[in-house]
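Participant: Below is the structure I would like to discuss, written out as structure tokens.
Here is the structure:
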């Protein structure tokens, strides 16, 4: 394998968690709920998946635990913003603070432990194609799952009746409620889906990307996933493209640090964050204020009666 | 069974205070349960977290020292949150304030400079924080970029700038390669209020900020404008209040106060620049602002209460071997409880059995 191939492979690995988390958040936001707690759900997913995987020596159980942890955090968020009609921005921030603290408690006994790499799925014949063969057809299962998930989320939102219901609730919850659509129920499941995806993204980070646990290891990836949803103008296909651009920026930045260009490493470390700001800025300049944002995004739903 | 929410038309002050207290007690019960799950005694933890710090003069001083930066930042955030603008990057504004103010301290190091150094440092701290805070405000007003994400991303950038400076050009050459600057000269140090005490003049700044804010929010047109912009943006526009000017102003105020908190902490407490100058004050201040119900006096009380969890967390780590992350988890639970209590004040919650509604 050449260095070039290796770099491409790591880009895929770095992009996948961003993609999975952003897809989940996209569905949540399309239903009209802004969950700023992605970082908290993701880091909980990482801690719980790693703890479960080490304890039971099973990657599968680890992944399940990660998704469950993300979904439970999301359920807590749903209780607040749906049950109590609480402020969504504040509740999301609280979820992040709670997640960062709680994951530290859960992960503490597992600091220093390591997991073996997850074996990639080798699709015979196709993976022997030079350069793109290994890149496209010898990845771990998560990578394939994330691509399938992108397609499924796109089909669900745009081609199914249930997806249409979800979008119309996100667009205008008052009208949707007047039409008799189940605003709370749909939003509850959308929030839960977002949480499970964030948990899965965290599990991928801990079990595949780093293969160890360290406190706060998500390092802002949850926030970048949130930015990706805005950047993609709430469209799944663009989330995929955006995630890979950001994954590439992260990986190239790491390689540039290793190559020691004489640029301080901190400047390169700042690249993903500055790139996020730049991407949001360029998008706003081109399209004006937040195009494609669901109409009811972030506003609490209290039905008139 | 399900429950229904009906907006309340009025909510008395007593109820608002009670809601904050109830939120705090609920958070304590949940935290106690978590500690019990971890196999420790919640009673012993309560003793170490709350009772011991409150009964020891040294800890009481420490309480003020820790509450100072949080009160300053949270007071600033209350301007933003009242106008329904979400500055969640106070941590970064705090760091930039410390960097810009600290620059002057290092620049004048060993030059026998006069009394002007300290006031100018504080001013630079305010300017640094305000400018850093105005970046997301400018991007929002000029280009419509979401301020939540940009203000947060700038936290990481600010921390990396500080990291670069103290590991690179600003590192103390005689510091055995430790990533830290030289210790500030006495002329660049914010002194304790009482000789030999620990509480520095930053506490006075916080008290002034509380007083001024109470007057500004309650008695001036600007305060009314913030409230109107937050509660009824359309009405505010009809009244001729420019939302762009409001946005820039509140971000400058909150950034400036966060910057002041940063330089006060570095010059009054730490005494030098180092890679980490905050245990997350900028983020915790968000909890403080909400716990204090965006009210200046409420924030003052809330900052002391949250400072207690920091001090309690440190001693619990030493005495009960409880991890420091517990403090952060507790602060998250606390914020969730406060927001839920908020909803109970804003809405009347009725439980309805199925079929029995309407």
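Protein chains in written order, with our numbering: chain W, -5 to 299; chain Y, 1320 to 1677.
Note that beta-carbon positions come from the ideal geometry of N, C-alpha and C, so glycine has one too.
1. Please list, in chain order, all residues of the same chain as residue 171/W whose beta carbon is under 6 Å from its beta carbon, the five residues on each side excluded.
2. Quick one: which unbroken beta strand (DSSP E) runs of 3-plus residues sit fully inside the stretch 1605 to 1673 of chain Y? Chain order, please.
3. Does DSSP classify residue 287/W as helix, strand or coil?
4. Can you give me the C-alpha to C-alpha distance between residue 1524/Y and residue 1423/Y, rounded to a whole angstrom?
5. Where does the unbroken alpha helix (DSSP H) through residue 1388/Y begin, and where does it stop?
6. When the Cβ atoms of the stretch 1470 to 1488 of chain Y are set against those of the stretch 1446 to 1454 of chain Y, are three or more pairs found closer than 8 Å?
7. List the residues of chain W that residue 1462/Y touches, going by C-beta distances under 8 Å, in chain order.
8. To the nearest angstrom, how far is the alpha carbon of residue 1420/Y from that of residue 260/W?
9. Which value, in whole angstroms, describes the spacing of the CA atoms of residue 173/W and residue 76/W?
10. Which residues bound the alpha helix (DSSP H) around residue 1514/Y?
11. Please state whether DSSP places residue 1325/Y in a helix, a strand or coil.
12. Within the same chain, show all residues whose beta-carbon is closer than 7 Å to that of residue 1655/Y, passing over the 5 residues directly before and after it, in chain order.
13. Entirely within the stretch 1451 to 1494 of chain Y and at least 4 residues each: give me those alpha helix (DSSP H) ranges in chain order.
14. Could you tell me if residue 1320/Y is buried or exposed, where buried requires 16 or more neighbouring beta carbons within 10 angstroms of its beta carbon?
15. One question on the structure: do residue 1622/Y and residue 1390/Y come within less than 9 Å of each other, judged by their Cβ atoms?
16. Are residue 1467/Y and residue 1407/Y close, meaning C-beta to C-beta below 9 Å?
17. Tell me the DSSP bridge mates of residue 1519/Y?
18. Tell me which same chain residues have a C-beta within less than 7 Å of the C-beta of residue 1326/Y, skipping the five on either side of it?
19. For residue 247/W and chain Y, any beta-carbon pair shorter than 9 Å?
20. From the beta carbon of residue 1320/Y, is the nearest beta carbon of chain W less than 9 Å away?
21. Would you check if the distance between the CB atom of residue 1592/Y and the CB atom of residue 1484/Y is smaller than 9 Å?
22. Secondary structure at residue 66/W, three-state DSSP: helix, strand or coil?
23. Could you confirm whether any beta carbon from chain Y is found closer than 9 Å to the beta carbon of residue 72/W?
24. For residue 1315/Y versus residue 1596/Y, is the C-beta spacing smaller than 9 Å?
25. Inspect the beta-carbon positions of residue 45/W and residue 104/W and report whether they are closer than 9 Å.
26. Could you work out which residue in 1519/Y, 1611/Y, 1564/Y is closest to residue 1583/Y when comparing CA atoms only?
27. Would you give the residue range spanned by the alpha helix (DSSP H) that residue 1428/Y belongs to?
28. Specify whether the stretch 1422 to 1440 of chain Y and the stretch 1372 to 1392 of chain Y touch according to this definition: at least 3 beta carbon pairs, one from each stretch, less than 8 Å apart.
29. Taking the beta carbon of residue 254/W as the centre, do at least 16 other beta carbons fall within 10 Å, making it buried, or is it exposed?
30. Could you check the C-alpha separation between residue 222/W and residue 243/W for me, to the nearest Å?
31. Check residue 109/W in the structure and name its three-state DSSP category.
32. Can you list, in chain order, the residues of its chain whose CB lies under 6 Å from that of residue 289/W, leaving out five sequence neighbours each side?
33. Run through chain W and tell me which residues come within less than 8 Å of residue 1476/Y, C-beta to C-beta.
34. Using a 10 Å radius around the Cβ and a threshold of 16 neighbouring Cβ atoms, would you call residue 1410/Y buried or exposed?
35. According to DSSP, is residue 244/W part of a helix, a strand, or is it coil?
36. Taking the beta carbon of residue 252/W as the centre, do at least 16 other beta carbons fall within 10 Å, making it buried, or is it exposed?
Facilitator: This is what the structure holds:
1. To locate residue 171/W, count along the first chain from 1; it is residue 177. These residues qualify, in order along the chain: 177, 297.
2. Complete beta strand (DSSP E) runs here, min 3: 1666 to 1671.
3. Taking the first chain and counting its residues from 1, one reaches residue 287/W at position 293. In the three-state reduction of the DSSP assignment, residue 287/W falls in the coil class, being assigned neither a helical nor a strand state.
4. Residue numbering aside, residue 1524/Y sits at position 205 when the second chain is read from its first letter. Residue numbering aside, residue 1423/Y sits at position 104 when the second chain is read from its first letter. Cα to Cα, the separation comes out at about 20 Å.
5. In the second chain, the residue the question calls residue 1388/Y occupies position 69. That run of the alpha helix (DSSP H) goes 1376 to 1401.
6. Contact holds: three or more Cβ-Cβ distances are below 8 Å.
7. The residue labelled residue 1462/Y in the question sits at position 143 within the second chain. The contacting residues are 275, 278, 279.
8. Position 101 of the second chain, counting from 1, holds the residue named residue 1420/Y. Position 266 of the first chain, counting from 1, holds the residue named residue 260/W. When rounded, the distance between both Cα atoms is 21 Å.
9. If you number the first chain from 1, residue 173/W lands on position 179. If you number the first chain from 1, residue 76/W lands on position 82. If you take the alpha carbons of residue 173/W and residue 76/W, they lie about 19 Å apart.
10. Residue 1514/Y sits at position 195 when you count from the first residue of the second chain. Segment: none, residue 1514/Y is in no alpha helix (DSSP H) and carries neither H nor E.
11. Start at 1 with the first residue of the second chain, and residue 1325/Y comes out as number 6. Note: residue 1325/Y maps to strand in three-state DSSP.
12. Translated into the one-based positions of the second chain, residue 1655/Y becomes position 336. So the list is empty, once near-sequence residues are dropped.
13. List check, alpha helix (DSSP H) in window: 1466 to 1486.
14. Here residue 1320/Y is taken as the residue at index 1 of the second chain, counted from 1. Residue placement at residue 1320/Y is poorly supported in this model, since its pLDDT is 48, which falls under 50; the coordinates still yield a value, given next. Using a 10 angstroms sphere on the CB of residue 1320/Y, the tally of other CB atoms stays under 16, which defines it as exposed.
15. As a first step, residue 1622/Y is located in the second chain; it is residue number 303 there, counting from the start. As a first step, residue 1390/Y is located in the second chain; it is residue number 71 there, counting from the start. Remark: C-beta atoms of residue 1622/Y and residue 1390/Y approach each other more closely than 9 Å.
16. To locate residue 1467/Y, count along the second chain from 1; it is residue 148. To locate residue 1407/Y, count along the second chain from 1; it is residue 88. Note that the C-beta distance between residue 1467/Y and residue 1407/Y is below 9 Å.
17. As a position in the second chain, residue 1519/Y is number 200, starting the count at 1. Bridge pairing for residue 1519/Y: 1511/Y [DSSP].
18. For the purposes of this step, residue 1326/Y is taken as the residue at position 7 of the second chain. Sequence-distant partners of residue 1326/Y (beyond 5 residues in either direction) whose C-beta falls short of 7 Å from its own C-beta, in its chain, are 1665, 1666.
19. Taking the first chain and counting its residues from 1, one reaches residue 247/W at position 253. No, no contact with chain Y.
20. Position 1 of the second chain holds residue 1320/Y. Note that residue 1320/Y scores 48 on pLDDT, short of 50, meaning its location in the model is unreliable and no value can be drawn from it.
21. As a first step, residue 1592/Y must be located in the second chain, where it is residue number 273. As a first step, residue 1484/Y must be located in the second chain, where it is residue number 165. Taking 9 Å as the Cβ cut-off, residue 1592/Y and residue 1484/Y qualify as a contacting pair.
22. Numbered from 1 along the first chain, position 72 holds the residue referred to as residue 66/W. Here residue 66/W sits in helix by DSSP.
23. The count along the first chain starts at 1 and reaches residue 72/W at position 78. Answer no: the Cβ-Cβ gap between residue 72/W and chain Y never drops below 9 Å.
24. As shown, chain Y starts at 1320 and ends at 1677. That puts residue 1315/Y outside it, with no answer to give.
25. Numbered from 1 along the first chain, position 51 holds the residue referred to as residue 45/W. Numbered from 1 along the first chain, position 110 holds the residue referred to as residue 104/W. Taking 9 Å as the Cβ cut-off, residue 45/W and residue 104/W qualify as a contacting pair.
26. Against the second chain, residue 1583/Y aligns to sequence position 264. When the alpha-carbon of residue 1583/Y is set against those of 1519/Y, 1611/Y, 1564/Y, the nearest one is in 1519/Y.
27. Working through the second chain from its first residue, we reach residue 1428/Y at position 109. Careful: residue 1428/Y lies outside any alpha helix (DSSP H) and carries neither H nor E.
28. A contact is defined here as three or more CB-CB pairs under 8 Å, and the stretch 1422 to 1440 of chain Y fails this definition with respect to the stretch 1372 to 1392 of chain Y.
29. Along the first chain, read from residue 1 onward, the residue named residue 254/W stands at position 260. The residue in question, residue 254/W, is exposed, as its Cβ has fewer than 16 Cβ neighbours within 10 Å.
30. In the first chain, residue 222/W corresponds to position 228, counting from 1. In the first chain, residue 243/W corresponds to position 249, counting from 1. Cα atoms of residue 222/W and residue 243/W: separation of roughly 13 Å, rounded to the nearest angstrom.
31. Within the first chain, the letter at position 115 stands for residue 109/W. Correct three-state label for residue 109/W: coil.
32. The residue you call residue 289/W lines up with position 295 of the first chain. Counting only Cβ-Cβ distances below 6 Å, and skipping sequence neighbours, we find 165, 166.
33. Stepping through the second chain from its first residue, residue 1476/Y is reached at position 157. Correct list: 264, 267, 268.
34. Mapped onto the second chain, residue 1410/Y falls at position 91. Residue 1410/Y should be labelled buried.
35. On the first chain, residue 244/W is found 250 positions in, with the first residue counted as 1. DSSP places residue 244/W in helix when its eight states are reduced to three.
36. For this step, residue 252/W is matched to residue 258 along the first chain. Burial call: exposed.
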